[in-house]
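*Asks:*
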Amino acid sequence: MSKLMMLTATALVVLAGCSAPQGTANTGDKREATEHTKVARIDSAKLDAVLADPRREKDRARDVYRHTAKTMAFFDLSPSDNLVEVLPGGGWYTRVLLPYVSPDGGWYGINYSPDLRTGIFNAADRVISDDALAEYKQWPQKYPETAKRNGPENAAIKGAFLFSMVPDQDKGTMDGVFFIRAIHHLNRIDPKFFEESIANSYALLKPGGIVGVVQHRAREDYGDVDYDTTGNKGYMKQSYVIDMFEKGGFVLDEASEINANPKDTADYEGGVWTLPPSLRGKDETKREDYVAIGESDRMTLRFRKPS
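In the numbering used here, the protein residues as written are 311 to 617.
Now the structure itself:
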């Protein structure tokens, strides 16, 4: 054997000795390749059509602040998903989510529990009558008809729930639950209602299902004396929101700065409603300043229920 051949053979032996043991070789490379080749579930063409639909004519001006296309892509929804929208309210996001999952998926709304509804009245020094509370408990039966105006003719409206009253047959069937500017409403009366919403979301989701959060963000360096970050002013600390979901069994999949706004000081006496689109600030001389700031600084989070 020539000297060159002997050196080559020796080098090959050394390289083989440096390789990972058989059966575990290249595990990291395989994981990295899997991550890099992960196929996005978002249907960009369909989403573009939804965002351009005439029913969103009055909504579209807010897209520049709410980064709707990027937010939907971050949540990575499939048009065949079954999803739950928390506190759908006037339907701004319903007019995105509902058409996107129609006709192949399913849209569900979920609203305050009866106890939280009562607590909201009590906090305003009002009393909700027995008849009014009984009427409110009919929301799951009545709201789907209202939601139809926010979707196409083939709108995939599958149902509606109240927190604390989720039917057993719907548990473990959802692909996503979405808290869009909703958490402050659930936390401000008593954090137990936020905890309840997390537990109900966990129960509704399939293993591997996600929770999407967009929420007005308070400064982390504020103490209780500095500013109310319990939700009464709309702003919540991101660390608190993450901690609550993790205590509820969720894993933080990813956090994004898609909806960040560094111009927002998040310290207004009138809360987040001082800024657009509400512009409820008492000082009219600062109105143009608030318009220049734009909508609030917002956290954007994706949690996952472990498989």
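The beta-carbon is built from N, C-alpha and C at its ideal position, and this holds for glycine as well.
For T344, collect the residues of the same chain with a Cβ closer than 6 Å to its Cβ; drop the 5 residues on either side in sequence, then sort them by chain order.
*Replies:* As a working mapping, residue 344 is identified with position 34 in the sequence shown. At T344 the pLDDT is 42, less than 50, meaning the model places this residue with poor confidence; the figure from the coordinates comes in the next sentence. Answer for T344: no residue qualifies.
*Asks:* Can at least three beta-carbon pairs, one atom from the stretch 574-581 and one from the stretch 535-543, be found at a separation below 8 Å?
*Replies:* Because the criterion of three Cβ pairs below 8 Å is met, the stretch 574-581 and the stretch 535-543 touch.
*Asks:* Would you tell me roughly how many angstroms separate the C-alpha atoms of T610 and A470, rounded to the nearest one?
*Replies:* On the sequence shown, position 300 is the one that residue 610 refers to. On the sequence shown, position 160 is the one that residue 470 refers to. T610 and A470: Cα-Cα distance of roughly 25 Å.
*Asks:* Taking the alpha-carbon positions, what's the K356 to W583 distance?
*Replies:* Taking the sequence shown and counting its residues from 1, the one referred to as residue 356 is at position 46. Taking the sequence shown and counting its residues from 1, the one referred to as residue 583 is at position 273. Spanning the two alpha carbons is a distance of roughly 32 Å.
*Asks:* Between the beta-carbon of L408 and the beta-carbon of W417, is there less than 8 Å?
*Replies:* For the purposes of this step, residue 408 is taken as residue 98 along the sequence shown, with counting starting at 1. For the purposes of this step, residue 417 is taken as residue 107 along the sequence shown, with counting starting at 1. Their beta carbons are under 8 Å apart, which means L408 touches W417 by this criterion.
*Asks:* For N591, collect the residues of the same chain with a Cβ closer than 6 Å to its Cβ; drop the 5 residues on either side in sequence, then sort them by chain order.
*Replies:* Walking along the sequence shown from the start, residue 591 turns up at place 281. Note that residue 591 corresponds to Gly in the displayed sequence, not to Asn. The answer, listed in chain order, is G580, T584, Y600.
*Asks:* Would you say T404 and I568 are within 8 Å of each other, going by their C-beta atoms?
*Replies:* In the sequence shown, counting from the first residue as 1, residue 404 sits at position 94. In the sequence shown, counting from the first residue as 1, residue 568 sits at position 258. In this structure, I568 does not lie closer than 8 Å to T404 by Cβ.
*Asks:* So what's D485 in DSSP terms, helix, strand or just coil?
*Replies:* As a first step, residue 485 must be located in the sequence shown, where it is residue number 175. Strand at D485.
*Asks:* Inspect the beta-carbon positions of L514 and K481 and report whether they are closer than 8 Å.
*Replies:* Start at 1 with the first residue of the sequence shown, and residue 514 comes out as number 204. Start at 1 with the first residue of the sequence shown, and residue 481 comes out as number 171. Going by C-beta atoms, L514 is nearer than 8 Å to K481.
*Asks:* How close, in whole Å, do the beta carbons of G419 and S390 come, if the pair is a contact with beta carbons under 8 Å?
*Replies:* Here residue 419 corresponds to residue number 109 of the sequence shown, with the count starting at 1. Here residue 390 corresponds to residue number 80 of the sequence shown, with the count starting at 1. Contact doesn't hold; Cβ gap of about 19 Å is too wide.
*Asks:* Would you mind listing the alpha helix (DSSP H) stretches within the stretch 425-506 that are 4+ residues and don't spill past its ends, in chain order?
*Replies:* Counting only runs of 4 or more, we get 440-446, 449-457, 493-497.
*Asks:* Going along the chain, which residues of its own chain have a beta-carbon closer than 8 Å to the beta-carbon of A457, five neighbours each way excluded?
*Replies:* The residue you call residue 457 lines up with position 147 of the sequence shown. Result list for A457: P398, G401, T404, L408, W417, G419, A465, I467, A470, in chain order.
*Asks:* My guess is that I520 and R614 are in contact by the Cβ rule of under 8 Å, so how many angstroms apart are they, rounded?
*Replies:* Looking up residue 520 in the sequence shown gives position 210. Looking up residue 614 in the sequence shown gives position 304. That pair is a contact at about 5 Å.
*Asks:* Measure the alpha-carbon distance for S353 versus D386 and round it to whole angstroms.
*Replies:* Counting from 1 along the sequence shown, the entry for residue 353 is found at position 43. Counting from 1 along the sequence shown, the entry for residue 386 is found at position 76. A quick correction: the sequence has Asp, not Ser, at residue 353. Cα to Cα, D353 sits roughly 9 Å from D386.
*Asks:* When every heavy atom of the ligand FMN is checked, does at least one fall within less than 7 Å of the C-beta of Q479?
*Replies:* With respect to the ligand FMN, the structure offers nothing, as it holds no ligand at all.
*Asks:* Spatial neighbours of Y446 within its chain, please: C-beta separation below 6 Å, excluding the five flanking residues on both sides.
*Replies:* The residue given as residue 446 occupies position 136 in the sequence shown. The answer, listed in chain order, is R427.
*Asks:* Rounded to whole angstroms, what is the Cα-Cα separation between L562 and R459?
*Replies:* Position 252 of the sequence shown, counted from the start, is the residue given in the question as residue 562. Position 149 of the sequence shown, counted from the start, is the residue given in the question as residue 459. Distance between the alpha carbons of L562 and R459: 34 Å.
*Asks:* Would you report the Cα separation of V394 and R608, rounded to the nearest angstrom?
*Replies:* Along the sequence shown, read from residue 1 onward, the residue named residue 394 stands at position 84. Along the sequence shown, read from residue 1 onward, the residue named residue 608 stands at position 298. Between V394 and R608, the C-alpha separation is close to 21 Å.
*Asks:* I need the DSSP call for A565, collapsed to helix, strand or coil.
*Replies:* Along the sequence shown, read from residue 1 onward, the residue named residue 565 stands at position 255. It is a strand residue.
*Asks:* Excluding the 5 residues preceding and the 5 following G338 in the sequence, name in chain order all residues of the same chain whose CB lies nearer than 6 Å to its CB.
*Replies:* Locating residue 338 in the sequence shown gives position 28, where the first residue counts as 1. Any reading at G338 needs caution, since the residue's pLDDT is 45, under 50, leaving its predicted position unreliable; the model's value is listed next. So no residue of the chain qualifies.
*Asks:* If distances are taken between C-alpha atoms only, which option among Y410, R376, R366, S439 comes closest to N571?
*Replies:* Here the question's residue 571 lines up with position 261 in the sequence shown. With distances taken between Cα atoms, N571 lies closest to R376.
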